[in-house]
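Trainee:
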Amino acid sequence: MAAPVPPGAPRQQPPPPPNYNPNYQQNPSSLSDNLQNLNLNRPPSMPNSAPRPSPFQPPHFPSSAPSPSFSRPGPPPPGAFPRPSVPPSGSPPPALPPNVGTVRPTGPPFSQPSPFGSRPPPASLPSAGSGVVMGPSSGAPSFGSLAPRLGAHPSPIASSTTPSSVPPSVSSGGLVSNGPHAPPFHGGPRFPPSGAAPQPPLMGPPTAGAARVLPQAPSMRPLMGSSGISAQQRSPFSAAPQGAPSYSAPPQGMPSFSPPPQGMSPPAGFPFGQQTQTQPVAPPPIPGSAPPTMFGMPPPPPLPNQMTAISPVVGQTGGSLAGSSKIDPNQIPRPIPGSSVILHDTRQGNQANPPPPATSDYIARDTGNCSPRYMRCTINQVPCTVDLLTTSGMQLALLVQPLALPHPSEEPIQLVDFGESGPVRCSRCKGYINPFMKFIDQGRRFICNLCGFTDETPRDYHCNLGPDGRRRDADERPELCRGTVEFVATKEYMVRDPMPAVYFFLIDVSMNAIQTGATAAACSSINQVIADLPEGPRTMVGIATFDSTIHFYNLKRALQQPLMLIVPDIQDVYTPLQTDVIVPLSECRQHLELLLESIPTMFQNSRTAESAFGAAVKAVFLAMKSTGGKLLVFQSVLPSVGIGALSAREAEGRSNVSSGEKEAHKLLQPADKTLKEMAIEFAEYQVCVDVFITTQTYADIASISVIPKTTGGQVYYYYPFSALSDPAKLYNDLRWNVTRPQGFEAVMRVRCSQGIQVQQYYGNFCKRIPTDVDLPGIDCDKTIMVTLKHDDKLQDGSECAFQCALLYTTVYGQRRIRVTTLSLPCTNNLSNLFRMADLDTQFVCFLKQAANEIPSTPPLNVREQVTNFCINILLSYRKFCATVSSSGQLILPEALKLLPLYTLALVKSTGLRIDGRIDDRSFWITYVSSVSTPLAIPLVHPRMIALHDLDTKEGNESPIPPALPLSSEHVSDDGIYLLENGQEGLIYVGSSVDSKILHQLFGILSVDEIPTQFVLQQYENPLSKKLNDVINEIRRRRCSYLRLKLCKRGDQSGLSFFSYLIEDKVPTGGLSYVEFLVHVHRQIQMKMSS
Amino acid sequence: MSEMANTDPEGIDGVRMTWNVWPRTKVEASKCVIPLAASISVIRHHPDIPTLPYTPLRCKTCSAILNSFSRVDFTAKIWICPFCFLRNHFPPHYSLISETNLPAELYPQYTTVQYTLSDPNVNPNNPMNAAPAPSASPVFLFVLDTCMIEEEFGFVKLALKRAIGLLPDNALVGFVSFGTQARVHELGFSDMSKVYVFRGSKEISKDQIMEQLGIGVSGRRAPTGYQQKGMQNGFPNTGVARFLLPASECEYTLNSLLDELQTDQWPVAPGNRASRCTGVALSVAAGLLGACLPGTGARIIALVGGPCTEGLGTIVSKDLSDPVRSHKDLDKDAAPYFKKAVKFYDNLAKQLVSQGHVLDLFASALDQVGIAEMKVAVERTGGLVVLSESFGHSVFKDSFKHIFEDGEQSLGLCFNGMLEINCSKDIKVQGIIGPCTSMEKKGPNVADTVVGEGNTTAWKMCGLDKSTCLTVLFDLSSSERSNTPGTVNPQLYIQFLTSYQNPEGHTLLRVTTVTRRWIDSAVSSEELVQGFDQETAAVVMARITSLKMETEEGFDATRWLDRNLIRLCSKFGDYRKDDPSSFALNPCFSLFPQFMFNLRRSQFVQVFNNSPDETAYFRMLLNRENIANAAVMIQPSLISYSFNSLPQPALLDVASIAADRILLLDSYFSLVVFHGMTIAQWRNMGYQNQPEHQAFAQLLQAPQDDAQMIIRDRFPIPRMVVCDQHGSQARFLLAKLNPSATYNNAHDMAAGSDVIFTDDVSLQVFFEHLQRLAVQS
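Line by line, the protein sequences are chains A and B. Everything in the first sequence is counted per the UniProt record's numbering, starting at 1 for the first residue and increasing by one. Everything in the second sequence is counted per the UniProt record's numbering, starting at 1 for the first residue and increasing by one.
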């Protein structure tokens, strides 16, 4: 099944151009190249990225970063979807290039292209050595004093994790990587598609890539030796991993299963030094027994940090404030940047292995369970009974991201073709064959791990069992040894031929859009992105514009020029042509370019202020109805006429808020049902709508977002739209939108073992029947939350499986079924649940549910619910698992010790802020509904770093400096800080910053000159370079082109910056972090005593 | 009969009446059988008509215009209106008037004069034009069907391009195409071709059209807006410049647009008709013109290649197994779409009339396209209509070209016509048959009974040309002798006032005043008889018959005609009761029975050989042509060419066929050149090419030349058929001939003549019966 891909397989790219770099290598660089083009008009150096004309007039975005690499490695997600533009070879999971397949196990076949030699490494060589040495410390230095400890931890981990399973060569690499070195390791890889891609030669970025690869690629070693590594250190990529706060918690899990490494001294008692607490990466095992550690005291070395206690904070119930003073703000739990890449085997010793934190940098190896990227559970052990779950206060849910972007170093997902008969399935529950189906009776029958039914093995699938009870061919068949596989769908899975990839662009050309430059930005972005659309005869495109009427364009090649067809009836729309509105890309490229260039000028003198968004979307839908496809809408004003017209209800909403109106949150609900009904119809015909809102006014996102939400699309929001700084982001967003791995006309269902059933799905989809969700579009960024409920008791010691099956059509028109299976042990032990809790997942579920509540519940109630949720969990833990400790301490389960911080952050987040703009809140809610786990955390708890001293930290292996706590104590007046949440980046400039630094970074001399619209430029000085490196690195890791904004104290921008400092006390009543802990503690005490 | 065609019986006035002497009373009039009617060629060109550059004088009470029949008191400077007998003072500028210094309108020979109305805004004769356009350029809005095969589409595009080339530079041109949907092309958009697409299946109001075209607001200017200066092309509104451009500016755009225009791209299911939204396209076109140019002369020129199957005005379902309605279906009320479609076009007609715009229809298809339904809109707006089999056929091609041609042959297309009739006291107007619309202007001269467009003394003619002819039907006041005997005026007067805008954009008013004599028919029927115009009478009867067939349920035309003919013969014939052989008719009536015979056999009465579309087409032309042409439609003319004699009229009888003759039949809609057997043989042997047989060549050529002469003057271009005796095409001739020789009596016939295979009665039999019935007591 892992056989070579059939020739026709789309995924597989055509033979790469001679010099062709495997895509993954290229990606990063190509991405950044493109960016550069965008900004700098620099010629693209990458083969695959076609040279594009500089989008905007160069002047506009002159320089924002020379190497701004879009965070996403753009195109080719390593995953299964090779994008046309990107070179293929590495990409497709379906067919693994032979060498790739082997990579994992054996060691890396990554053959490094000779070009490697050319790298600069030599210089680094020495450093490499040092790198290794430093490793341990390197993490530390950056984080301050903790260094020593850090060093210690990592190494243990490395050894522990890598043990036997990793081939020697790898392991050595692993060692390196896990340890201090880690950075290099994970550095680039994340984004660049993994795979077997040869490394692109000359590119700067590639080196980085190479570096990443290094550890794995034995072959390289000789060649490059340590130099590779050293190179990494310098390379921008290397820093990345920690970017996401990695928590110590996860590591814990690992240890528990794998024998605890040496006596690890648990960092538990760490001094909460400044910013960093480095948690030991590999924590001590010892499950059940964990005595609580208290903060105040040095933790007993042997005991791992099962829990975190905050010392005698509040004297019993009493002295709140006083108590707070007793808490050392430097010692309270904060996310600790993980400094290393974690190697994660999904199962070890035939046991599910708890995954590393979602925000950490890890490389997963699918050894039976799916990679946590695709599916993760809030608790890594399943409570046997519903009572146990209720007692814990936690919830049981899955976060499913079926097309998630894998780490470049991960083995691609294998494609399995069962031929005519289709994949083997349980005949009762229709579950798909997976590694946990148990074959019995000499392999003649198998027992379904989902429903327990015993099935006959199909004759041609029969195989004898080995002595261990497994099928002898289990290791050769991916579906029997991998948690995630992809099946080729047969006719049975199609109601029609797989649809072609259809991209329809719909652009607002009303007066406002034209005048703000939004139309020009959209046209230019589209014009560039066209080159990135999947190549091939089946790719179709269409274009329409609208103001108070809808303008279609006949792009047929036979015409000398495009023909504009206007649909003036916006109450009852229709399509003006049956054919020729949507035409194969290959036939209309020229017309398309011509058209996109002329649209902004053509409507230049338009006086039409009205915008018929709803009608336009509907009309385009009618044109797309026969095929389905992606509809990308660029909207600039509040839709004011035609079907689904909206009113400026925000104005009345504002007065309601001020008058204390209880119904204010209604503004977060759609204005009426029209758009919802339309959306359901769209979904039925497989039309997926993405909306890019480039506005300077209220646009009623609450209403508009219904369409993308229901059709598997997404809302992008540019407010206030700036023709200067936003086009670059628009372009990058659009490009990622069309190039990321994605599928069409998808249906998804999650099946669970007996005893558990799916309660509900949350996310961007349309649901017509209770069991399935329909996804006209699904891509690697979309996450669906699945809440679970017990309908029976589970057997302690047995395993409970979850299987997500996603049937979809690739952009090349193949029908596939991606099956992701996760099997977790069941437990009756409450403390196991706490130990196995997955903080990130837990919190994100919780975040999504809260977001879901906001439109229908007053914000105060939601805040209270959120706080209570946190309190209840801690209370349960306190009550049942930590009885030993004194009641004067706030005791936190180690795995969930950041829960209060995150909860506080959530309470203060945009969505729950009453004073926020309605659209901002709506957008936040919409964004949360589909956001993936790794991006959800920073959304709520952003990362803040100092920029003014970037150049003084030379030698640090990561380009991204360590994060600072989100407290104004850490913001000084002579500093410059970047705060980013994955969506936007606020650069705060203190009021007394050295003007030299200002000049170096922004080309200005005083804070007063700070422009309102900001475009990052690179100046010829190390500091500026460094800043660009940092920003590009962050963009790349977040797969998002941050919207940068300069802030200074004393105006609106400064306020918005400080509003993100969630540890601060907010004058209007928001508690500071310390106060919040006190509050939580007091609540717990009250409940305990009651 | 043909001699009539050569004279000018209409004279300077262009008026012909069924009776040139009028009976005094209603009772007497009804005894005359043939109604009192006048046919007027409203703006026929005549070299003797003077054009006066000043405004006419009107009677203060009846508003009749000073004319040569007015009595003038030169000393008192007073004129007496012949209609109401009111004494009007001449205004100061007539102070120089004297018996030797008469204004032209008082010259006795100028019974018809024409005034130039310098300021159209004060034209009191045209109240609908409250805000008449400034002297505007003509407007042509082409509405093109795109549902046709490529070949036809090529023909029609070619014709269109040629037409656009012929337009005057200042003419405004617009373009609408349609198929499944109607598309308005914005010619003024320079960046690319831009069209507004309207769904064919949805009814849209005029307001919606304006709003959706983005001309709603500005299009609804107050009337004063039209007089603003400095507006583009003299038109106030921006919509004009977007959709209607001067031909000189948009010729290139239009040509390239036509080059790229494709046939309708919407798929047609097998076994189905193309989906064609003619109705919506026309109402969109009307809405566009209404928004841009209300009140100015504009034509919608519709080129249609098939039946409307979508939306408003649908005449047949899309399913091909469902045939287009036939006369039989209409009779049996089995045409489900008919009434609705007619109603739609009726409303469209109202809208167009109120805007003063014209609908021209060019239909080319092998099957019907719905002329029967659209007739009302075309006829009421005074539009042109041409029906042919193909856009490649000369009937279409040449007719279409003809419209746009200048010079001698030009049709002289005029706009915004209005006809008013003033008449002497006892005369009432029942209505008009012909291309016009009643304006519902009530007055003392309006009759109680209505025929055609009635209930008024004023009619609107949105479009008219120099051949437009209307038939006015009169009635007499039923009150006995209202005039006291002493003041009895022996003359009656009728004044026709026609105002219109000529192709150059000038507004003209033509005043035709006619007088006829009253006669007491009880006293002397001799004079009455002398005043009978049989040709006019025949045409009027044909028009009335057609109208009744269309409007009266279950009307038996043949019987009605027969009865009237018998009554007429009974009244005016000279006979002894019950003695058929004694029957004789005054020469003034002698031709009439033969006209009736041919009318009974014509396409106007015998509709079942024709489709409803053809019938509607024939009738529209019957109603708008002058008497001479209409007479030819009823009774074709036949000319015989042979050696040894000049071309001469021949009897419309099968007996006229001879082997050594060439016949030229003119039935108005078609011209047939028919070669006798011998002639055809000679011709086939090529004698005409031999120098010694030049006479033969000339003989062959003569009918062709004559046919071309006829064709040149005619619109639409007749269909030309050249055939030989016994050839299949010969049916076009045979169908029109009196079947005096059929297979029933073939043995009687001379060799070389022909027989017609029919059971129809011959003229002779018809006469025999007529005589017998006329003399019955």
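In this text, a Cβ means the ideal position worked out from N, Cα and C, and glycines have one as well.
In terms of DSSP beta bridges, what is residue 19 of chain B paired with?
Mentor: For this step, residue 19 of chain B is matched to residue 19 along the second sequence. B:532, per the DSSP bridge assignment.
Trainee: Just the C-alpha distance for residue 696 of chain A and residue 529 of chain A, rounded to the nearest angstrom, thanks.
Mentor: Within the first sequence, the letter at position 696 stands for residue 696 of chain A. Within the first sequence, the letter at position 529 stands for residue 529 of chain A. Residue 696 of chain A and residue 529 of chain A: Cα-Cα distance of roughly 24 Å.
Trainee: In whole angstroms, give me the CA-to-CA distance for residue 183 of chain A and residue 1081 of chain A.
Mentor: As a working note, residue 183 of chain A is residue 183 in the first sequence. As a working note, residue 1081 of chain A is residue 1081 in the first sequence. For residue 183 of chain A, the predicted model reports a pLDDT of 36, less than 50, meaning its position is unreliable; a value from the coordinates is still stated below. When rounded, the distance between both Cα atoms is 37 Å.
Trainee: Got a sec: which bits of the segment 574-586 of chain A sit with their beta carbon under 7 Å from any beta carbon on chain B, in order along the chain?
Mentor: Cβ contacts with chain B: 574, 576, 577, 578, 579 and 580.
Trainee: Determine the closest residue to residue 984 of chain A out of A:594, A:645, A:1042 and A:908, with distance taken between C-alpha atoms.
Mentor: For the purposes of this step, residue 984 of chain A is identified with residue 984 of the first sequence, where counting begins at 1. When only C-alpha atoms are compared, the closest one is A:1042.
Trainee: Please work out which residues of its chain come closer than 6 Å, Cβ to Cβ, to residue 367 of chain A, disregarding the five sequence neighbours upstream and downstream, and give them in chain order.
Mentor: Reading the first sequence from its first residue, position 367 is the one you call residue 367 of chain A. Closer than 6 Å at the Cβ level, and outside the excluded window around residue 367 of chain A, lie 345, 346 and 347.
Trainee: Can you tell me whether residue 98 of chain B is buried or exposed? The criterion is at least 16 other CB atoms within 10 Å of its CB, across all chains shown.
Mentor: Looking up residue 98 of chain B in the second sequence gives position 98. Looking at its Cβ environment, which holds fewer than 16 other Cβ atoms inside 10 Å, residue 98 of chain B is exposed.
Trainee: Per DSSP, what kind of secondary structure is residue 633 of chain B in: helix, strand or coil?
Mentor: As a working mapping, residue 633 of chain B is identified with position 633 in the second sequence. Residue state, collapsed to three classes: helix.
Trainee: What would DSSP say about residue 89 of chain B, mapped onto helix, strand or coil?
Mentor: Translated into positions along the second sequence, residue 89 of chain B becomes position 89. Residue 89 of chain B falls in the strand class under three-state DSSP.
Trainee: Indicate whether the contact test is met: 3 or more Cβ pairs, each with one atom in the segment 584-595 of chain B and one in the segment 339-349 of chain B, closer than 8 Å.
Mentor: Contact between the segment 584-595 of chain B and the segment 339-349 of chain B is absent, because fewer than three Cβ pairs lie under 8 Å.
Trainee: Using a Cβ-Cβ cut-off of 9 Å, state whether residue 267 of chain B counts as contacting chain A.
Mentor: Residue mapping note: residue 267 of chain B aligns to position 267 of the second sequence, counting from 1. Yes, residue 267 of chain B counts as interfacial toward chain A.
Trainee: Taking the straight line between their C-alpha atoms, what separation do you get for residue 738 of chain B and residue 641 of chain B?
Mentor: Along the second sequence, read from residue 1 onward, the residue named residue 738 of chain B stands at position 738. Along the second sequence, read from residue 1 onward, the residue named residue 641 of chain B stands at position 641. Each residue's alpha carbon lies about 19 Å from the other.
Trainee: Identify the contact partners of residue 199 of chain B in chain A, using a Cβ-Cβ distance below 8 Å as the criterion.
Mentor: The residue labelled residue 199 of chain B in the question sits at position 199 within the second sequence. Near residue 199 of chain B (Cβ distances below 8 Å), the residues of chain A are 569, 572 and 574.
Trainee: Residue 256 of chain B CB to nearest chain A CB: under 9 Å?
Mentor: Position 256 of the second sequence holds residue 256 of chain B. Closer than 9 Å: yes.
Trainee: Spatial neighbours of residue 377 of chain B within its chain, please: CB distance less than 7 Å, with the 5 preceding and 5 following residues excluded, ordered by chain position.
Mentor: As a first step, residue 377 of chain B is located in the second sequence; it is residue number 377 there, counting from the start. The answer, listed in chain order, is 345, 348, 349, 352 and 359.
Trainee: When DSSP labels each residue in this structure, what does residue 845 of chain A get in the three-state scheme?
Mentor: On the first sequence, position 845 is the one that residue 845 of chain A refers to. In the structure shown, residue 845 of chain A sits in a helix (DSSP, three-state: H, G or I).
Trainee: If you draw a straight line from the C-alpha of residue 795 of chain A to the C-alpha of residue 826 of chain A, how long is it?
Mentor: In the first sequence, the residue the question calls residue 795 of chain A occupies position 795. In the first sequence, the residue the question calls residue 826 of chain A occupies position 826. Approximately 7 Å between the Cα atoms of the pair.
Trainee: Hey, would you say residue 787 of chain A sits closer than 9 Å to residue 819 of chain A, going by beta carbons?
Mentor: Translated into positions along the first sequence, residue 787 of chain A becomes position 787. Translated into positions along the first sequence, residue 819 of chain A becomes position 819. Going by C-beta atoms, residue 787 of chain A is not nearer than 9 Å to residue 819 of chain A.
Trainee: Can you check whether the C-beta of residue 13 of chain B is within less than 9 Å of a C-beta belonging to chain A?
Mentor: The residue you call residue 13 of chain B lines up with position 13 of the second sequence. No, residue 13 of chain B does not count as interfacial toward chain A.
Trainee: Using the beta-carbon of each residue, which ones in chain B are nearer than 7 Å to residue 566 of chain A?
Mentor: Within the first sequence, numbered from 1, the residue matching residue 566 of chain A stands at position 566. Within 7 Å Cβ-Cβ: 194, 195, 196 and 197.
Trainee: Taking buried to mean at least 16 other C-beta atoms within 10 Å of its own C-beta, is residue 781 of chain B buried or exposed?
Mentor: Nothing about residue 781 of chain B can be reported from this structure: the residues present for chain B run from 1 to 777 only.
Trainee: Measure how close the beta-carbons of residue 460 of chain B and residue 411 of chain B come, nearest whole angstrom, since I'm counting them as under 8 Å.
Mentor: Taking the first residue of the second sequence as position 1, residue 460 of chain B is located at position 460. Taking the first residue of the second sequence as position 1, residue 411 of chain B is located at position 411. 19 Å between Cβ atoms; not a contact.
Trainee: Rounded to whole angstroms, what's the CA-CA distance from residue 259 of chain B to residue 513 of chain A? Just pull it up for me.
Mentor: Taking the first residue of the second sequence as position 1, residue 259 of chain B is located at position 259. Taking the first residue of the first sequence as position 1, residue 513 of chain A is located at position 513. Distance between the alpha carbons of residue 259 of chain B and residue 513 of chain A is about 34 Å.
Trainee: Can you tell me whether DSSP reads residue 462 of chain B as helix, strand or coil?
Mentor: Residue numbering aside, residue 462 of chain B sits at position 462 when the second sequence is read from its first letter. Note: residue 462 of chain B maps to strand in three-state DSSP.
Trainee: Measure the C-alpha to C-alpha separation of residue 632 of chain A and residue 1016 of chain A and round it to an integer number of angstroms.
Mentor: As a working note, residue 632 of chain A is residue 632 in the first sequence. As a working note, residue 1016 of chain A is residue 1016 in the first sequence. Going by the C-alpha atoms only, they are around 27 Å apart.
Trainee: Select from A:906, A:753, A:679 and A:598 the residue whose C-alpha is nearest the C-alpha of residue 1072 of chain A.
Mentor: Locating residue 1072 of chain A in the first sequence gives position 1072, counting from the first residue. Comparing Cα positions, the closest option is A:906.
Trainee: For residue 727 of chain B, decide whether its Cβ has a neighbour in chain A, counting only Cβ atoms nearer than 9 Å.
Mentor: Within the second sequence, residue 727 of chain B is the residue found at index 727, counting from 1. Answer no: the Cβ-Cβ gap between residue 727 of chain B and chain A never drops below 9 Å.
Trainee: Using a Cβ-Cβ distance under 9 Å, would residue 183 of chain B count as near chain A?
Mentor: Counting from 1 along the second sequence, the entry for residue 183 of chain B is found at position 183. Judged by the 9 Å Cβ criterion, residue 183 of chain B is in contact with chain A.
Trainee: Who are the near neighbours of residue 809 of chain A in its chain, counting only those whose CB is closer than 7 Å to its CB and skipping five residues on each side?
Mentor: Counting from 1 along the first sequence, the entry for residue 809 of chain A is found at position 809. The residues are 498, 499, 743, 744, 745 and 815.
Trainee: CA-CA distance, residue 630 of chain B and residue 623 of chain B?
Mentor: Your numbering for residue 630 of chain B matches position 630 in the second sequence. Your numbering for residue 623 of chain B matches position 623 in the second sequence. If you take the alpha carbons of residue 630 of chain B and residue 623 of chain B, they lie about 8 Å apart.
Trainee: At least one CB of chain B closer than 9 Å to the CB of residue 519 of chain A: is that the case?
Mentor: Along the first sequence, read from residue 1 onward, the residue named residue 519 of chain A stands at position 519. It does not: the Cβ of residue 519 of chain A has no partner Cβ on chain B nearer than 9 Å.
Trainee: Assuming residue 161 of chain B is part of the alpha helix (DSSP H), what are its boundary residues?
Mentor: Counting from 1 along the second sequence, the entry for residue 161 of chain B is found at position 161. Looking at the DSSP string, the run of the alpha helix (DSSP H) that includes residue 161 of chain B is 150-166.
Trainee: With distances taken Cα to Cα, identify the nearest neighbour of residue 442 of chain A among A:842, A:496, A:616 and A:463.
Mentor: In the first sequence, residue 442 of chain A corresponds to position 442, counting from 1. Taking only the C-alpha atoms, the option nearest residue 442 of chain A is A:463.
Trainee: Alpha carbon to alpha carbon, how far is residue 864 of chain A from residue 958 of chain A? Give it in angstroms, no decimals.
Mentor: If you number the first sequence from 1, residue 958 of chain A lands on position 958. If you number the first sequence from 1, residue 864 of chain A lands on position 864. Each residue's Cα considered, the two are about 39 Å apart.
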